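Residue numbers (the UniProt record's numbering): 1 to 349. Glycine residues also receive a C-beta, built at the ideal position from the N, C-alpha and C atoms. Predicted model, so just to flag it, every value in this text is computed and none were measured.
Listed below in structure tokens is the structure:
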């Protein structure tokens, strides 16, 4: 069995092993990490050999930690990263390059159509009718997109939303509200088989699925980092956040919204949660909480998206594709039956 785990912002950890009698056997750790002293490597292999194959991450990491000699130095990885690689090997996880990734980047669509497409494309990947896909969003109208479990009345100021002409819609993933205006944010969705994140905790999968975009942002001069659980940030402030949905039939939907040129003062008039977060942090200005990509790069939004696509293509491979007429038709059906209905929007009042 073979398992790989690229530590976000760190090194690649590779584990090859067998399972004999429901225990790990012939464990061989490798990778492009740095480890001192040299003889710590066989000690780690020995510590992992014989562990129950169904050991959880904490158990595996603890075994590695106990095996390390005093003063050992691990650079670019950790006992927890080794544990993740072991779990991925045992659970037959796949890697990015095991798939032929597709790119879809259609023209502007309505917010509810975007949300319906997230469900449709994830279901198509789960059914094997669509290859794993990266989708870039475009839109020409504003919206507040709330998470699957958020309360409309708790998150949105209805009077200010109506005054600014900003409708409220609900997505299928959890997480917080997205304040969207035309040209002000960059949003993308990933649709992948769950095997890609097999053996990872939810927290690990968030960082793993977005590591490529951190590479892209750093290539633009942004000191981008991932802040658990689901924020992308830089020393200048928060850039964006991620949300995720695991489908029972075998796919993961992961999407990210990053601010490009957001009207933060309008945002905190429309979103109640924005005011609470600012109050909790003692911050007087919304601009100090969200720092748009435009101010950090000086680049057009389209150029940033182009760099993101180029980075994904170079790291994982990417082929241009289109959303099919059948997928659009299914999305419009879901718009009518689900995403545009009060029953869905106010399922948490």
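If you check the CB distance, residue 88 and residue 250 do not come in under 8 Å. For residue 55 and residue 207, the gap between their C-alpha atoms comes out near 23 Å.
Between residue 138 and residue 167 the beta-carbon gap is near 17 Å, outside 8 Å, which marks them as no contact.
Ranked by Cα distance from residue 298, the options 150, 267, 260 are led by 260.
Contact between residue 188 and residue 247 is ruled out by a C-beta separation of about 18 Å, above the 8 Å threshold. DSSP places residue 231 in the uninterrupted beta strand (DSSP E) bounded by 231-234. The beta-carbon separation of residue 175 and residue 230, rounded to 6 Å, stays under the 8 Å limit for a contact. In the DSSP annotation of this structure, the continuous segment of the beta strand (DSSP E) that includes residue 102 starts and ends at 102-104. With distances taken between CA atoms, residue 121 lies nearest to 321 out of 258, 348, 321.
Minimum Cα-Cα distance from residue 80 among the listed residues 63, 69, 90, 92 corresponds to 63. In the DSSP assignment, residue 65 is bridged to no other residue. With 16 or more other Cβ atoms inside 10 Å of its own Cβ, residue 6 counts as buried.
C-alpha of residue 131 to C-alpha of residue 31: approximately 29 Å in a straight line.
Look at residue 164 here: in three-state DSSP terms it is coil, with no helix or strand label. Under the three-state reduction of DSSP output, residue 211 falls in the helix class. The residues 331, 334, 335, 339, in chain order, have a CB closer than 6 Å to that of residue 116 in the same chain once the five nearest residues on each side in sequence are set aside. Here residue 306 has no same chain residue with a Cβ atom under 7 Å from its own Cβ, once five neighbours each way along the sequence are excluded. Residue 33 is positioned such that its CB atom lies no closer than 8 Å to that of residue 68. Residue 155 and residue 71 have their C-alpha atoms roughly 49 Å apart. Setting aside the 5 residues that flank it on each side, residue 270 is surrounded in the same chain by 144, 156, 157, 160, 161, 164, 166, 179, each with a C-beta closer than 8 Å to its C-beta; the list follows chain order. In this structure, the straight-line span from the alpha carbon of residue 27 to that of residue 77 is close to 17 Å. Along the length of the region 33-101, whole beta strand (DSSP E) runs at least 3 residues long occupy 34-36, 73-75, reported in chain order.
Setting aside the 5 residues that flank it on each side, residue 233 is surrounded in the same chain by 225, 227, 239, each with a C-beta closer than 7 Å to its C-beta; the list follows chain order. Annotated three-state conformation of residue 312 is helix, per DSSP. Of the residues 9, 323, 253, 318, the one whose Cα lies closest to the Cα of residue 98 is 318. Shown here, residue 146 sits in a strand according to DSSP, grouped into three states. Within the DSSP secondary-structure output, residue 18 pairs in a beta bridge with 25. The three-state reading of DSSP puts residue 171 in coil, since its state is none of H, G, I, E or B.
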